[in-house]
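Colleague: So the sequence shown is residues 49 to 271, counted in our numbering. Please find one structure pasted underneath; my questions will follow.
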Amino acid sequence: MGHMISVAIDGPAGAGKTEAAKAAAKRLRFAFVDTGALYRAVGVAVLRAGKATEDPAEVEACLPDIRLSLAFIEGAQHVYLDGEDITETLYTPQASKASSDVAKVGAVREFLLEPQRELARRQNSIFNGRDIGTVVLPDASLKIFLTAAPEERAARIYKRQRENGSPQPYEEVLADLLRRDKQDSERAAAPLKIAPGAVVLDTTRMDLEESIQAVVALIKEKL
Ligand code: DC
Numbered sequence: 049m050g051h052m053i054s055v056a057i058d059g060p061a062g063a064g065k066t067e068a069a070k071a072a073a074k075r076l077r078f079a080f081v082d083t084g085a086l087y088r089a090v091g092v093a094v095l096r097a098g099k100a101t102e103d104p105a106e107v108e109a110c111l112p113d114i115r116l117s118l119a120f121i122e123g124a125q126h127v128y129l130d131g132e133d134i135t136e137t138l139y140t141p142q143a144s145k146a147s148s149d150v151a152k153v154g155a156v157r158e159f160l161l162e163p164q165r166e167l168a169r170r171q172n173s174i175f176n177g178r179d180i181g182t183v184v185l186p187d188a189s190l191k192i193f194l195t196a197a198p199e200e201r202a203a204r205i206y207k208r209q210r211e212n213g214s215p216q217p218y219e220e221v222l223a224d225l226l227r228r229d230k231q232d233s234e235r236a237a238a239p240l241k242i243a244p245g246a247v248v249l250d251t252t253r254m255d256l257e258e259s260i261q262a263v264v265a266l267i268k269e270k271l
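Below is the structure:
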């Protein structure tokens with residue numbers, strides 16, 4: 049992958065990947081690419097087209113009409129669908145489910161593969177996702193598998209939803225999370241798993257600052 053440094057951070061939802069990677073990227077002046085947002089954007093596009101996200105054939109048929117682009121504004125990633133900034137719509141429970149549905153579809157993963165690699169060629173970056181170390185950037189300079197216990201991850205998502213004013217009951221958050229974990233790790237196409245050579249970082253007993261410092265320390269060891 050040329051001379052750019054790429055760090056792959058994979059792991060399940062709610063492990064704190066986004067917060068830790070975003071802050072670590074800022075401290076190290078790397079770009080931060082949240083690839084989950086791309087799957088979420090495809091999910092939202094399929095929902096907007098009025099198609100069933102559970103139906104792989106319908107999802108695949110939508111792809112030729114989907115025009116996605118990314119921009120980084122003050123370090124924050126924005127996702128555009130046909131030029132419209134849809135970033136704010138990507139984190140509803142419906143979009144979460146839709147993203148996990150479309151992420152199972154091989155054609156969707158194929159559709160997003162080259163754009164992700166192109167981003168990695170352009171700048172030093174930290175990539176967040178499920179298959180970065182295994183599929184997208186197998187030659188990444190560093191691979192981290194960031195995880196935490198399911199109850200802790202559900203508690204973090206619950207807290208985030210409360211702050212955003214649209215809470216689901218905790219039990220429902222946990223049930224959704226376990227369903228999504230299962231779907232993400234058991235799917236045939238690029239399932240969530242620990243990449244060969246990845247460092248496993250368990251953040252169950254870490255607060256955000258400790259997670260950030262652990263990620264920064266691992267990257268600095270590699271620089
Ligand atoms: O990280 P996230 O919750 O925003 O991801 C949304 C969905 O997309 C999630 O169900 C897993 C999927 N995903 C994926 O399959 N591969 C990636 N590289 C990133 C996300």
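Each residue gets a CB set at the ideal place from its N, CA and C atoms; glycine is no exception.
Thinking C-alpha only, which one of D82, A203, E158 is nearest G123?
Modeller: Residue mapping note: residue 123 aligns to position 75 of the sequence shown, counting from 1. Looking at the Cα atoms, D82 is the closest of the given residues.
Colleague: Taking only the alpha-carbon atoms, compute the straight-line gap between D187 and A243 and give it to the nearest angstrom.
Modeller: Position 139 of the sequence shown, counted from the first residue, corresponds to residue 187. Position 195 of the sequence shown, counted from the first residue, corresponds to residue 243. Approximately 11 Å between the Cα atoms of the pair.
Colleague: Do the segment 175 to 190 and the segment 240 to 259 meet, that is, are 3 or more Cβ pairs less than 8 Å apart?
Modeller: Touching, yes.
Colleague: Tell me which residues share the same chain as L225 and place their Cβ nearer than 7 Å to its Cβ, disregarding the 5 neighbours each side in the sequence.
Modeller: In the sequence shown, residue 225 corresponds to position 177, counting from 1. Within the same chain, L225 has close Cβ partners A61, G62, P198, R201, A202, I205.
Colleague: Can you say whether M49 is buried or exposed, counting buried as having 16 or more other CB atoms within 10 angstroms of its CB?
Modeller: The sequence position of residue 49 within the sequence shown is 1, counting from 1. Legend: pLDDT at M49 = 46, less than 50; position of this residue unreliable, value from coordinates given subsequently. Its Cβ having fewer than 16 others within 10 Å, M49 is exposed.
Colleague: Compute the beta-carbon to beta-carbon distance between T251 and A168, rounded to the nearest angstrom, for a pair I have assumed lies under 8 Å.
Modeller: The residue you call residue 251 lines up with position 203 of the sequence shown. The residue you call residue 168 lines up with position 120 of the sequence shown. Their Cβ separation, rounded to whole angstroms, is 24 Å, which puts T251 and A168 out of contact at 8 Å.
Colleague: For the ligand DC, any of its heavy atoms closer than 7 Å to the Cβ of A243?
Modeller: Here residue 243 refers to the residue found at position 195 of the sequence shown. Checking every heavy atom of the ligand DC against the Cβ of A243, none is found closer than 7 Å.
Colleague: Looking at V150 and V90, is the spacing between their C-beta atoms short of 8 Å?
Modeller: On the sequence shown, residue 90 is found 42 positions in, with the first residue counted as 1. On the sequence shown, residue 150 is found 102 positions in, with the first residue counted as 1. Yes; because the gap between Cβ atoms is below 8 Å, this pair is in contact.
Colleague: Three-state secondary structure (DSSP) at I78?
Modeller: As a first step, residue 78 is located in the sequence shown; it is residue number 30 there, counting from the start. Looking at the sequence itself, residue 78 is Phe, so the reference to Ile does not match. Three-state DSSP puts F78 in coil, outside helix and strand.
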